[in-house]
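To start, the structure under review is shown below, and the notes come after it.
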Amino acid sequence: MAKLYRDNPLRKIAWEDFHTLDAAEKGPFFLREGRPYHALNAQQFTRPILDGLCNLATQVRRIAKTRGGVLFLQDLLCEKRAMLYFAQPSTRTFLSFYAACQLLGLNPAEVRDTTTSSEIKGESPEDSIRTFSSFFDIIIMRHPAGGFAERIAWLLSNTDRPVPVVNAGSGKDQHPTQALLDIYTLQRSFEKREGIERKKIAFVGDLARGRTVRSLAWLLTLYPGVKQYFVAPPSLQIGPDILAALDRAGMAYELSSDLQAVIPEADAIYMTRIQDEWDTAHESRDVDTNRFHFRVADLARLRPDAVIMHPLPRRREIEPGVDGDPRAVYWRQVRNGMWIRAALILTLFEREREIERYYQDLTS
Amino acid sequence: MAKLYRDNPLRKIAWEDFHTLDAAEKGPFFLREGRPYHALNAQQFTRPILDGLCNLATQVRRIAKTRGGVLFLQDLLCEKRAMLYFAQPSTRTFLSFYAACQLLGLNPAEVRDTTTSSEIKGESPEDSIRTFSSFFDIIIMRHPAGGFAERIAWLLSNTDRPVPVVNAGSGKDQHPTQALLDIYTLQRSFEKREGIERKKIAFVGDLARGRTVRSLAWLLTLYPGVKQYFVAPPSLQIGPDILAALDRAGMAYELSSDLQAVIPEADAIYMTRIQDEWDTAHESRDVDTNRFHFRVADLARLRPDAVIMHPLPRRREIEPGVDGDPRAVYWRQVRNGMWIRAALILTLFEREREIERYYQDLTS
Amino acid sequence: MAKLYRDNPLRKIAWEDFHTLDAAEKGPFFLREGRPYHALNAQQFTRPILDGLCNLATQVRRIAKTRGGVLFLQDLLCEKRAMLYFAQPSTRTFLSFYAACQLLGLNPAEVRDTTTSSEIKGESPEDSIRTFSSFFDIIIMRHPAGGFAERIAWLLSNTDRPVPVVNAGSGKDQHPTQALLDIYTLQRSFEKREGIERKKIAFVGDLARGRTVRSLAWLLTLYPGVKQYFVAPPSLQIGPDILAALDRAGMAYELSSDLQAVIPEADAIYMTRIQDEWDTAHESRDVDTNRFHFRVADLARLRPDAVIMHPLPRRREIEPGVDGDPRAVYWRQVRNGMWIRAALILTLFEREREIERYYQDLTS
């Protein structure tokens, strides 16, 4: 059942050399023969891979509309077992992955509270996860320490039983499947408007600390003609590293602290919440966030074909009265997470062809 | 896969108007076209629905006696996913629903400890559950707040992705599937004695606070000729609202504090424990509960065809020595919970006909 | 679906008489018609049963190498449900059993934190587990109290719905499936050297308290010619009861506190960690454990066909640099746990013949 041994770039580099690389340099190490083998950071996804994932997610979503289709999907990975290792609380990401596993027949097992593990007996976290991985064919992991998922992927790659590792969120660092679901939501939203290219995307709120925005802004450099607006209080504005990346990619962008001015321009408004759980020095305490809220009254000035997104959970950034507007796609965005994660898992196990064949039969 | 949109009464009423209705008035709002769509309170169940559920539970139970039958059952809902959201601890109710899901192939996912969810980030509970529900086809929920499951059912009914909600216990308020399993246990116990009608049912113990007894007493008004005995210390006697309901329905009943006098009369003795976890002013501290215990010595005076029930957990209300008597049906009562919950879930998904067809083939 | 009632020795003995028996005397009570019905202590396993389990584990392992084989295995017990009741934390044992269940299609349900159960309402633990067991066909349980799993097996045997009970670790007492996986690992390691018989097995570390070593030392008395070395600081040396058992069985053994002298002799070195979580009087605080560590430098003096084992988790007993040596089999040992547990569960449900038939077709 074990994957045939093939070219594995993580075996060819020492941890000391690897972990100091920047995210874009690390990307190729997560591939095998040009295909994603691990899913660890947003930077590893090329435009063809993104297009393939979005396409696959749509096929899975449509196949799942009939009982026969679900039975087909549930058969695909039913001989595999997945470990969902969530050392950091996150019910929504957990359930999204869990449901994606169930959809594909991939048998999930959960490790949630690591205080119930042998870590208390003085074992290293690496030993713990290597032990746990013995029973599974893929590891989906969330961990408070930045880079931990990469460390595990490197470690297992250097054993005789490597398995794919999916980063379901690591610290303030990376949450690549959130970026994928955002791309997929944008792609679906602009399906009839020639896709994401040349659209105006506004990010609003806490842009300094939201890993979601940082990853998505990076991925949008793969879509020519996109213009990005970063709408935030000055103290929570997007980091210069991202702007430098946009400059290098030749992407247009604008910094602003005036949401009202941006609303009529945007094709997509991506709202975020103030992440004060990361506060170390009350950075966000004195910020007047009211000016970065989206209200029912703002709907009138939004383009009729625009969309409002939010990674959720929200607090008061979006008035609940906005929820009923067809342009509010944040609940659909949640469900898109399940579809794109299913597509990603199928891709890691190289099962795209089976989906395509079934889908062609379905639509022919 | 989504249910075709049909008449949905919860879309036609504002929350403010709905939540002030009494339980009996709310009942019809949980139906669609006369069939249960949600399962939220005991009052929504009519006699034909109860008879249908009991009949279905027996068919499921008998079908499950063979491997072939279990395989048939596991195929029925295998394209669906259920969320078991248990914000309040309850292993036995949880496991009963979990096993019922497994029996029907319905893929379960568990949300147990809500401190692991994003609720800590300031999200409203409604947003949390709407998010979680995105991935599932039915929500089975237990919550400490009375009316919370109804709130969620109303909320989801007013989105474009409503799913059935099952109340697995809400505060001191409602626990409708416990009432269903009690009805099913009575019905099985009196199968050869023309059913529940005209039987004498005695409730013993803490009748003021046990939601179980309150719901069951209400449902028994649907069975003509039943006489109910309420045997309790005066401070823990059944509430006047229940007695008023019995009066309105023209049901016979008797209040008593003398268990010994009732034992020889009763067809069923329903024992309960003192629920001092709900004590706010030590109501139960000074009550002499010994007189409301059932002992081995009492068995001799019990009718040979009577049954002893208990919703469990018990403390000292029933001597363990009673367990071996064939009239002690409280362990079978537990297992009946699995069967009737399976029947309920099948009913919510409109799969009764498939069970009936299989059962007819089996017995013909 | 219930097992036909057959000879059940636990119905023929009172708890008071049973629980004072020693482990070897209890063994026969866990059998039915000479076959394991419960799996509760190491002493119940005879040599033919051990040989059968190892053989079955290897067949399962080889069958699982193809998708078709896994589908065959997943069909075997898919009509059954297992409760994994883990009142004591242990992620690795839990996951090993969970994965074994998934491999066989046996539907698992987890009860992890007993504070979420009704035990808090004053229910006896026996009542709790009897209630939970109502929904399941087998109980796999870990509990801090020695003898608790036996108590449950006795209790359920004396109801009208007995189910097999598997001890997944009880206090300092017994952890029989760990002993089974150790035997299976030794058997695999010496497959081409005529098996375990006549091998030299060295146990190193905390031998006084490790239930693992105690159980394995006992089981090795079933293999003629084995010589056991017990290498420990005097205060943590193996107990006289085990030595007495070895004497009775006529087995050779040697006590030592010099690991260096033993390394070149041994066919297997079984390393263990100092279990100071059981310390009541700082027994292990003043012990110099460095002399009982295995280091990279020791590999040169180890026989080329010897193996290094460890039940894990480890601390510093084995240098991580040793992990890459082909003689370090402790990671494979973990995975062996899944195979032997699957073999055990199949045996308790009497499904060995189906495995054998499939395996014969596969290899013929």
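Read top to bottom, the protein sequences are chains A, B and C. So the number in the numbering used here is just where the residue sits in the first sequence, counting from 1, plus 19. So the number in the numbering used here is just where the residue sits in the second sequence, counting from 1, plus 19. So the number in the numbering used here is just where the residue sits in the third sequence, counting from 1, plus 19. Every residue, glycine too, gets a C-beta built ideally from N, C-alpha and C.
Considered as a whole, the segment 27-85 of chain B harbours 34-37, 42-45, 66-82 as its complete alpha helix (DSSP H) runs of no fewer than 4 residues, in chain order.
At least one C-beta of chain C is nearer than 9 angstroms to the C-beta of glutamine 93 of chain B. If you draw a straight line from the Cα of tyrosine 378 of chain C to the Cα of glycine 244 of chain C, it comes to about 32 angstroms. Of the residues assessed, aspartate 156 of chain B falls on the buried side of the cut-off, its CB having 16 or more other CB atoms within 10 angstroms. Not a single CB atom of chain B sits nearer than 9 angstroms to the CB of methionine 160 of chain C. Beta-bridge pairing by DSSP links alanine 287 of chain B to B:Ile220, B:Val326. With respect to chain A, the C-beta atom of serine 208 of chain C has no partner C-beta closer than 9 angstroms. Boundaries of the alpha helix (DSSP H) harbouring phenylalanine 167 of chain C: 167-176, taken from the DSSP string. Taking the C-beta atoms as reference points, leucine 367 of chain A is found no nearer than 9 angstroms to serine 176 of chain A.
The beta carbon of leucine 50 of chain A sits no closer than 9 angstroms to any beta carbon of chain B. Taking 8 angstroms as the Cβ-Cβ cut-off, the segment 72-86 of chain C approaches chain A at Ala83, Lys84, Thr85, Arg86, given in chain order. Contacts with chain A at 9 angstroms (Cβ-Cβ) include threonine 110 of chain C.
Looking at A:Thr65, A:Trp34, A:Leu278, A:Asp317, the one whose alpha-carbon comes closest to that of threonine 308 of chain A is A:Leu278. Comparing alpha carbon positions, the residue from B:Ser115, B:Ser208, B:Leu103, B:Arg217 closest to alanine 168 of chain B is B:Leu103. Comparing alpha carbon positions, the residue from B:Phe48, B:Val184, B:Leu200, B:His57 closest to arginine 351 of chain B is B:Leu200. Per DSSP, reduced to three states, the secondary structure at glutamate 129 of chain A is strand. Selection C:Ile148, C:Arg334, C:Glu371 evaluated against proline 144 of chain A yields C:Arg334 as nearest (Cα-Cα). By the Cβ criterion, the segment 316-333 of chain A is not in contact with the segment 89-99 of chain A, since fewer than three pairs of Cβ atoms, one from each stretch, lie closer than 8 angstroms. Burial is judged here by how many other beta carbons sit within 10 angstroms of a residue's own beta carbon; histidine 57 of chain A has at least 16 and is buried. Residue pairing from DSSP places glutamate 273 of chain B in a beta bridge opposite B:Tyr248.
Per DSSP, the continuous alpha helix (DSSP H) segment holding glycine 356 of chain B begins and ends at 349-367. In the three-state reduction of the DSSP assignment, glutamine 197 of chain B falls in the helix class. Shown here for arginine 314 of chain B: same chain residues with a beta carbon closer than 6 angstroms to its own, the five before and five after excluded, namely Glu338 in chain order.
Contact annotation: in the segment 118-130 of chain C, residues whose CB is within less than 9 angstroms of a CB in chain A are Ala118, Ala119, Gln121, Leu122, Pro127, Glu129. Annotated as proximal: valine 185 of chain B and phenylalanine 116 of chain B, with beta-carbon spacing under 9 angstroms.
Within the segment 346-365 of chain A, contact with chain B at the beta-carbon level (separation under 7 angstroms) is assigned to Trp350, Val353, Arg354, Met357. Exclusion of the five residues before and after aspartate 317 of chain C leaves Ile282 as the residues of its chain whose Cβ lies within less than 6 angstroms of its Cβ. Rounded to whole angstroms, valine 250 of chain A and isoleucine 261 of chain A show a C-alpha spacing of 14 angstroms. Close partners of phenylalanine 155 of chain A in chain C (Cβ separation under 9 angstroms): Leu114, Ala118. Secondary structure of isoleucine 148 of chain C (DSSP, three-state): helix. With a threshold of 16 other beta carbon atoms within 10 Å, serine 208 of chain B meets it and is buried.
DSSP lists A:Met160 as the beta-bridge partner residues of asparagine 186 of chain A. Taking CB atoms only, leucine 331 of chain C has a neighbour in chain A less than 9 angstroms away. Going by C-alpha positions, alanine 287 of chain B is about 25 angstroms away from serine 152 of chain C. Contact between glutamine 62 of chain C and proline 55 of chain C fails: their C-beta atoms lie close to 12 angstroms from each other, not under 8 angstroms. For phenylalanine 151 of chain B, at least one C-beta of chain A is nearer than 9 angstroms to its own C-beta.
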